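Have a look at the structure below, then the notes.
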Amino acid sequence: MVYQHQFDDGRTVDWPLGKVVCIGRNYAAHAAELNNPIPTTPLLFIKPASAVVSMAEPFRVPRDLGEVHFETELAILIGQPLTRADEAQAAEAIAGVGLGLDLTLRDLQDALKKAGQPWEKAKSFDGACPLSSFVSPDTINLTDCQIRLHVNGELRQDGNSSQMLTPVLELLSYASHFFTLNPGDVVLTGTPAGVGPVRPDDQLVVELADQLQVETRAS
Ligand code: ZN
Numbered sequence: 004m005v006y007q008h009q010f011d012d013g014r015t016v017d018w019p020l021g022k023v024v025c026i027g028r029n030y031a032a033h034a035a036e037l038n039n040p041i042p043t044t045p046l047l048f049i050k051p052a053s054a055v056v057s058m059a060e061p062f063r064v065p066r067d068l069g070e071v072h073f074e075t076e077l078a079i080l081i082g083q084p085l086t087r088a089d090e091a092q093a094a095e096a097i098a099g100v101g102l103g104l105d106l107t108l109r110d111l112q113d114a115l116k117k118a119g120q121p122w123e124k125a126k127s128f129d130g131a132c133p134l135s136s137f138v139s140p141d142t143i144n145l146t147d148c149q150i151r152l153h154v155n156g157e158l159r160q161d162g163n164s165s166q167m168l169t170p171v172l173e174l175l176s177y178a179s180h181f182f183t184l185n186p187g188d189v190v191l192t193g194t195p196a197g198v199g200p201v202r203p204d205d206q207l208v209v210e211l212a213d214q215l216q217v218e219t220r221a222s
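This is the structure in structure tokens:
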């Protein structure tokens with residue numbers, strides 16, 4: 004199945020989604036809430052295209068694998084190839100800005116971390132990356148935009164991109180030195196504090212500044 008990116012104005016793009024490049028612990032307050040040290044260089048991992056689903060549909064949370072946590076993150080849609088790019092090239096390549104949920108099997112991740120093993124099973128399972136539609140990058144100030152999540156009517160995450168340890172353009176440039184970013188790829192930029200469990204039937208509303216508000220549901 005090919006995932007088709009949507010824009011909030013109804014436009015779609017046909018770029019194939021190859022991967023989602025993610026950064027861990029990009030907000031100091033979130034690193035602290037999980038008792039993790041703040042990394043000295045960006046901590047990157049990848050979710051495959053098979054992890055991506057649209058927030059326009061209810062997203063399925065795994066059963067019987069321990070707690071599933073939400074992490075609400077600013078999502079960058081790449082529109083031009085980036086290889087060892089500088090920040091100016093990265094800025095040119097941004098085709099859209101939206102939100103993603105970096106769903107995490109937290110109990111499993113804790114066990115994998117303890118065993119010194121990679122996180123893939125906890126972060127990259129089918130459905131582990133619900134994505135919103137995107138808005139034009141012209142409408143968002145990447146270094147100062149609010150990211151919010153409400154679960155069942157309660158505000159659970161409320162962060163600002165100004166709190167990122169590695170800001171968006173620096174992150175895109177850094178990531179492109181390891182992984183070529185292709186049109187259709189998405190970069191998730193880390194979660195602010197407030198992560199917690201998401202369960203079937205929870206109602207979620209994610210907000211990006213005053214530009215995007217998307218309602219979705221766990222099933
Ligand atoms: Zn995350």
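Going by my numbering, 183 is the number at position 180 of the sequence shown; the sequence numbering is gapless. Idealized CB from N, CA, C, for every residue including glycine. All figures in this text were calculated on a predicted structure; none of them were measured in a lab.
- [ ] Report all residues from its chain with a CB closer than 7 Å to the CB of A52; omit the five preceding and five following residues, and keep chain order.
- [x] Setting aside the 5 residues that flank it on each side, A52 is surrounded in the same chain by Y6, L20, G21 and K22, each with a C-beta closer than 7 Å to its C-beta; the list follows chain order.
TODO: Pick out the complete alpha helix (DSSP H) segments inside the segment 9–67, 4 residues or longer, and give them in chain order.
DONE: DSSP runs (the alpha helix (DSSP H)) wholly in the segment 9–67: 31–36.
TODO: Determine the burial state of T86: buried for a count of at least 16 other Cβ atoms within 10 Å of its Cβ, exposed for fewer.
DONE: Classification of T86: exposed, given that the 10 Å Cβ count is below 16.
TODO: Consider the C-beta atom of G187 and the heavy atoms of ligand 1; say whether any pair is separated by less than 7 Å.
DONE: Annotation for G187 indicates a beta carbon at 7 Å or more from all heavy atoms of ligand 1.
TODO: For my contact list, L215 and G101 are in at a C-beta cut-off of 8 Å; report their separation, rounded to the angstrom.
DONE: Cβ atoms of L215 and G101 come within 8 Å of each other, at about 7 Å.
- [ ] Measure the Cβ-Cβ separation of G224 and L108 and say whether it is below 8 Å.
- [x] A query on residue 224 cannot be resolved here, the shown segment of the chain reaching from 4 to 222 and no further.
TODO: Identify every residue that forms a DSSP beta bridge with N155.
DONE: Answer is none; N155 lacks a bridge partner.
TODO: Within the segment 74–138, note down every full alpha helix (DSSP H) run reaching 4 residues or more, in order along the chain.
DONE: You should have 90–95, 109–117 and 123–126.
Open item on the list: Cutting at 6 Å between CB atoms, please list the residues of its own chain near Q9, excluding the five before and the five after it.
Closed with: Excluding residues within five positions, the ones whose Cβ falls inside 6 Å are T15 and S136.
Open item on the list: So, does the segment 123–131 touch the segment 159–168, judging by three or more C-beta pairs under 8 Å?
Closed with: Counting Cβ pairs under 8 Å, fewer than three are found: no touch.
Open item on the list: If you measure from each CB to the nearest heavy atom of ligand 1 and keep those under 5 Å, what residues do you get, in chain order?
Closed with: Counting every residue whose Cβ lies closer than 5 Å to a heavy atom of ligand 1, we get E74, D105 and T194.
Task: Per-residue DSSP class, three states only, for E70 - done: The answer is coil: DSSP assigns E70 none of H, G, I, E or B.
Task: Inter-residue Cα distance where the pair is K116 and N38 - done: About 13 Å.
Task: Rounded C-alpha distance that separates D129 from A54 - done: Cα to Cα, the separation comes out at about 4 Å.
- [ ] Look up L215 in the DSSP assignment and give the residues it is bridged to.
- [x] Per DSSP, L211.
Task: Secondary structure of V190, DSSP reduced to three states - done: Of the three classes helix, strand and coil, the one that applies to V190 here is strand, per DSSP.
Task: Opening and closing residue of the alpha helix (DSSP H) in which V171 lies - done: V171 to S179 is the extent of the alpha helix (DSSP H) around V171.
Open item on the list: Pull the bridge partners of L184 from the DSSP assignment, please.
Closed with: Answer is L85.
Open item on the list: As a quick exercise: from L134, L152 and G187, pick the residue whose alpha carbon is nearest that of P195.
Closed with: Out of L134, L152 and G187, L152 has the C-alpha closest to the C-alpha of P195.
TODO: Give me the Cα-Cα distance between P200 and L168, rounded to the nearest whole angstrom.
DONE: P200 and L168: Cα-Cα distance of roughly 24 Å.
Open item on the list: Going by DSSP in three states, P203 sits in which element: helix, strand or coil?
Closed with: Three-state DSSP puts P203 in coil, outside helix and strand.
- [ ] State the CB to CB distance for the pair A78 and V171, rounded to an integer number of angstroms; the pair is presumed to be in contact (CB under 8 Å).
- [x] Actually they are not in contact, since the Cβ atoms of A78 and V171 sit about 10 Å apart, beyond 8 Å.
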